[in-house]
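**Student:** Residue numbering for the sequence shown is 385 to 604, as defined by this note's numbering.
C-beta: ideal position from N, C-alpha, C; glycine also.
Input: one structure, supplied below.
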Amino acid sequence: MSLPDDLSLVHTTTVTTFVCFISQPKESSEQDGWSSDEKPVKIDKWDSAALKNALDDGAKKVILEGFKLKESHTLFDLRLLICSVAVGFSFFALLWDYIKPFPESRPVLILCVLSYFVLMAVLTVYTTYIEKGIFLVALDKDEAGMEPDDVWELSSSLKKYDDKYFLQISVKPGTTQIIRSLDITKSVSDFFDENGKFDYDRFEPEVRILKAKLSESHKE
Numbered sequence: 385m386s387l388p389d390d391l392s393l394v395h396t397t398t399v400t401t402f403v404c405f406i407s408q409p410k411e412s413s414e415q416d417g418w419s420s421d422e423k424p425v426k427i428d429k430w431d432s433a434a435l436k437n438a439l440d441d442g443a444k445k446v447i448l449e450g451f452k453l454k455e456s457h458t459l460f461d462l463r464l465l466i467c468s469v470a471v472g473f474s475f476f477a478l479l480w481d482y483i484k485p486f487p488e489s490r491p492v493l494i495l496c497v498l499s500y501f502v503l504m505a506v507l508t509v510y511t512t513y514i515e516k517g518i519f520l521v522a523l524d525k526d527e528a529g530m531e532p533d534d535v536w537e538l539s540s541s542l543k544k545y546d547d548k549y550f551l552q553i554s555v556k557p558g559t560t561q562i563i564r565s566l567d568i569t570k571s572v573s574d575f576f577d578e579n580g581k582f583d584y585d586r587f588e589p590e591v592r593i594l595k596a597k598l599s600e601s602h603k604e
């Protein structure tokens, strides 16, 4: 038996929305359980997404483990909230159509479908203009607990069919709230061998030096 057009659309949007949950960033490199002393990460060197993810994970490892900063999930939790509300509208539409079969459920289905697409537009704006490629937000807490936390953000980009990896580190001191940032652009070939193995020991100093320079600048 074929589904009404409205119900089919709701079903399609429900399935599509699950992509929002699948695309959530990993918690941290520490939970992945690998380090420079363990088996090197090996990826397909022609896969730009895999290259970027490996480098991002390496940068997170330096910040969270090397400098002992605490990861903040607020930025990504807001994205998850938007996705959750969109899924809620989709499931409610399916439930309402089961309770009150089509065409009686038509007004509710239309409302839920419209709400879904509005939320997807909000999600697009959020990821484009607020997240802006940020893959880590970390807090540097004052040991005495007297001053506000310094907020560190890491963002990156790697264009398809390009070997240049762009990494930016920004810091917003809790006392001055003046944002400072530094960035580097390096070829991915500097950190991966011909077999696609990630050389963390060569990548780690790049991130550490960048972070150290920012730390010195915002204390001046």
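#1: Exposed or buried, which one is A528 when buried takes at least 16 other CB atoms within 10 Å?
#2: Rounded to the nearest angstrom, what separates V591 and L507 at their Cα positions?
#3: If E588 and V425 are in contact, beta carbons under 8 Å, what's the gap, nearest whole angstrom?
#4: At a cut of 8 Å, does the segment 532 to 544 reach the segment 463 to 475 through at least three beta carbon pairs?
#5: If contact is defined by three or more beta carbon pairs under 8 Å, each pair taking one atom from either stretch, is the segment 468 to 476 in contact with the segment 495 to 509?
#6: Tell me whether V509 sits in a helix, a strand or coil according to DSSP, three-state version.
#7: Taking the C-alpha atoms as reference points, what is the distance between K454 and L495?
#8: For the alpha helix (DSSP H) holding F353, just list the boundary residues, first then last.
#9: Only counting the same chain, and skipping five residues up and downstream in sequence, which positions put a Cβ closer than 7 Å to that of E531?
#10: Between the Cα of K595 and the Cα atoms of K516, L498, L551, which residue gives the shortest distance?
#11: Throw me the rounded Cβ distance for the L573 and D547 pair, which I believe falls under 8 Å.
#12: When you compare only the Cα positions, how much space is there between D440 and Y584?
#13: So who's on the other strand from L538, going by DSSP bridges?
#14: Does K581 come out as helix, strand or coil in the three-state DSSP assignment?
#15: Is I514 helix, strand or coil when you go by DSSP?
#16: Nearest CA to the CA of K543: which residue from A522, D534, K570?
#17: Using only CA atoms, which one of A477, S432, V521, K436 lies nearest to I553?
#18: Whose C-alpha, out of G517, L498, I563, is nearest the C-alpha of L459?
#19: Between N437, A443, W430, L435, which lies nearest to D567 when the distance is taken from Cα to Cα?
#20: Could you spell out the range, first to last residue, of the alpha helix (DSSP H) harbouring S565?
#21: Quick check on E449: does DSSP put it in helix, strand or coil?
**Tutor:** Considering the structure as presented:
#1: Under this definition A528 is an exposed residue.
#2: One C-alpha to the other measures close to 30 Å.
#3: Their Cβ separation, rounded to whole angstroms, is 13 Å, which puts E588 and V425 out of contact at 8 Å.
#4: Not touching, per the Cβ criterion.
#5: The answer is yes - the segment 468 to 476 touches the segment 495 to 509, with three or more Cβ pairs under 8 Å.
#6: Reduced to three states, the DSSP call for V509 is helix.
#7: Straight-line spacing of the CA atoms in K454 and L495 works out to 41 Å.
#8: In the structure as shown, the chain starts at 385 and stops at 604, and residue 353 therefore has no counterpart that could be examined.
#9: Same-chain partners within the cutoff: G558, T559.
#10: In terms of Cα proximity to K595, the closest of K516, L498, L551 is L551.
#11: The displayed chain sequence assigns Ser, not Leu, to residue 573. At roughly 6 Å, the Cβ-Cβ gap stays under 8 Å, so S573 and D547 are in contact.
#12: The alpha-carbon of D440 is positioned some 11 Å away from that of Y584.
#13: L538 is bridged to L520, I553.
#14: The answer is strand: DSSP assigns K581 an E or B state.
#15: Here I514 sits in helix by DSSP.
#16: Of the listed residues, the one whose Cα sits closest to K543 is K570.
#17: It is V521 whose Cα lies nearest to the Cα of I553.
#18: By alpha-carbon distance to L459, the top candidate from G517, L498, I563 is G517.
#19: Out of N437, A443, W430, L435, A443 has the C-alpha closest to the C-alpha of D567.
#20: Counting along the chain, no alpha helix (DSSP H) covers S565; the unbroken beta strand (DSSP E) around it starts and ends at 564 to 571.
#21: E449 falls in the helix class under three-state DSSP.
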